[in-house]
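Engineer: Take the numbering used here: the final residue in the sequence shown is number 207, and no numbers are missing along the way.
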Amino acid sequence: MTTRSVPARKRTNDPEGLRQRLVEAAHVAFQLKGYHGAGIHELKHAAGTTGGALAHHFPTKKALGLAVLRDRVAAAVERAWIAPVRAAPTAAAGIAAAFAGIIAELKRAGEVTGCPLNNLAIELARHDAAFRTEIEAVFLRWRRAIAEKLRQDLEAGLIAGLQPDAFATFVVASYSGAMTMAKVSQSTVPLELCAAELAKILEDARRPAGPPADTAGRGSPQRRPRR
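(1) According to DSSP, simplified to helix, strand and coil, what is residue 149?
(2) Does the pairing of the segment 42 to 58 with the segment 103 to 122 give three or more beta-carbon distances under 8 Å?
(3) Can you give me the C-alpha to C-alpha distance between residue 72 and residue 162, rounded to a whole angstrom?
(4) So does the segment 126 to 144 actually touch the segment 153 to 171, counting three or more Cβ pairs closer than 8 Å?
(5) So, residue 119 versus residue 100, is the Cβ gap smaller than 9 Å?
(6) Who are the near neighbours of residue 158 in its chain, counting only those whose CB is closer than 6 Å to its CB and skipping five residues on each side?
(7) Whole angstroms are fine: how far does the CA of residue 60 sit from the CA of residue 142?
(8) In whole angstroms, give me the CA-to-CA distance for residue 4 and residue 37.
(9) Any idea what DSSP makes of residue 133, helix, strand or coil?
(10) Quick one: any contact between the segment 17 to 24 and the segment 74 to 84, if contact means 3 or more CB pairs under 8 Å?
(11) Roughly how many whole angstroms lie between the Cα atoms of residue 1 and residue 53?
(12) With a Cβ-Cβ cutoff of 9 Å, do residue 30 and residue 133 count as a contact?
(13) On a CA-only basis, which of 131, -4, 165 is nearest residue 90? Give me that one, please.
(14) Could you give the distance in angstroms between the alpha-carbon of residue 32 and the alpha-carbon of residue 6?
(15) Residue 13: buried (16+ other C-beta within 10 angstroms of its C-beta) or exposed?
(16) Classify residue -3: buried if its beta carbon has 16 or more other beta carbons within 10 angstroms, exposed otherwise.
(17) Buried or exposed for residue 64, please, with buried defined as at least 16 other CB atoms from any protein chain shown within 10 angstroms of its CB.
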C-alpha cells in the first residue's frame, strides 16, 4: 500500500474535484511526514487551492484526516488486502496474492513508506477517540475478510486446526509488524520472510492430522503373535 504524488492541476469550479485533490494531497503528506508533520499551508499548496476553499470542505485538519481514513486508507486496504483475499480460491492463495502485490508495488516505487493504516494508528489512535474508532473499523473489516475465507476453507475441508478469527488477527498483526520493519530497513525482505512463514503455517494446516490411512501402524510397535 503505497502513495502517489499529487499532480498539479489548474483551478476549476469543481467542488468535488477540489475535495478529492485535498484528500489525496493529505493522504500523500500523511504518509511521508505523518499527520502532525503535515501543515495546513503545505496541504492547500499541494492541492492548488486557498485556505478558504480548504476550510469550506474541511473546517479542521481533523475533519480532513478522517476523510483520508475513510476515502483513501480504507480503500487502500480494500484494494491491497480485502479484494485479493475474497477473490482467491483459498485463504492461503489470497494472503500470498496480497503480499505479492504489495511487495511488487513497493519495489516499483523504490521506497517503503509503510502501511498507511498502521502509520496513522501508531500516531493517532491513543490520543483521539474519533480516529481510533475509524482505524479500528478498517482493521475489523480487514480481519473479517481473512477470517471469512478461512472459515470457508474449514467448512470445505481444505484446512484444519486453525481458529479463523484468531489466525486472521495473527495475519494482520504479522503483516503490520513486517511492514514497519520494512519501512525502517527500506527493504521488502521482512515482508518476504513474513509471507513465507505464513505460507508454511497454512500449508501445514492443509495436511490432515495424524498418519494417513495407508501408513497406520508405522508409528507404533505391533504385537507379535504368541507361540
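Think of the CB as a built atom: it goes at the ideal place given N, C-alpha and C, for glycine as much as any other residue.
Structural biologist: The relevant details are as follows:
(1) Taking the sequence shown and counting its residues from 1, one reaches residue 149 at position 169. The answer is helix: DSSP assigns residue 149 an H, G or I state.
(2) yes
(3) For the purposes of this step, residue 72 is taken as residue 92 along the sequence shown, with counting starting at 1. For the purposes of this step, residue 162 is taken as residue 182 along the sequence shown, with counting starting at 1. Approximately 22 Å, taken between the alpha carbons.
(4) no
(5) Position 139 of the sequence shown, counted from the first residue, corresponds to residue 119. Position 120 of the sequence shown, counted from the first residue, corresponds to residue 100. Cβ distance not < 9 Å, so residue 119 and residue 100 don't count as in contact.
(6) Residue 158 sits at position 178 when you count from the first residue of the sequence shown. Contacts found: 170, 171, 174.
(7) The residue labelled residue 142 in the question sits at position 162 within the sequence shown. The residue labelled residue 60 in the question sits at position 80 within the sequence shown. Computed Cα separation, rounded: 24 Å.
(8) Position 24 of the sequence shown, counted from the first residue, corresponds to residue 4. Position 57 of the sequence shown, counted from the first residue, corresponds to residue 37. Computed Cα separation, rounded: 13 Å.
(9) For the purposes of this step, residue 133 is taken as the residue at position 153 of the sequence shown. It is helical.
(10) no
(11) In the sequence shown, residue 1 corresponds to position 21, counting from 1. In the sequence shown, residue 53 corresponds to position 73, counting from 1. Rounded to whole angstroms, residue 1 to residue 53 spans 15 Å at the Cα level.
(12) Working through the sequence shown from its first residue, we reach residue 30 at position 50. Working through the sequence shown from its first residue, we reach residue 133 at position 153. Going by C-beta atoms, residue 30 is not nearer than 9 Å to residue 133.
(13) Stepping through the sequence shown from its first residue, residue 90 is reached at position 110. Residue 90 has its Cα closest to that of 165, out of 131, -4, 165.
(14) Numbered from its first residue, the sequence shown carries residue 32 at position 52. Numbered from its first residue, the sequence shown carries residue 6 at position 26. Each residue's Cα considered, the two are about 16 Å apart.
(15) Position 33 of the sequence shown, counted from the first residue, corresponds to residue 13. Its Cβ having fewer than 16 others within 10 Å, residue 13 is exposed.
(16) As a position in the sequence shown, residue -3 is number 17, starting the count at 1. When all chains shown are included, residue -3 counts as exposed.
(17) As a first step, residue 64 is located in the sequence shown; it is residue number 84 there, counting from the start. So residue 64 counts as buried.
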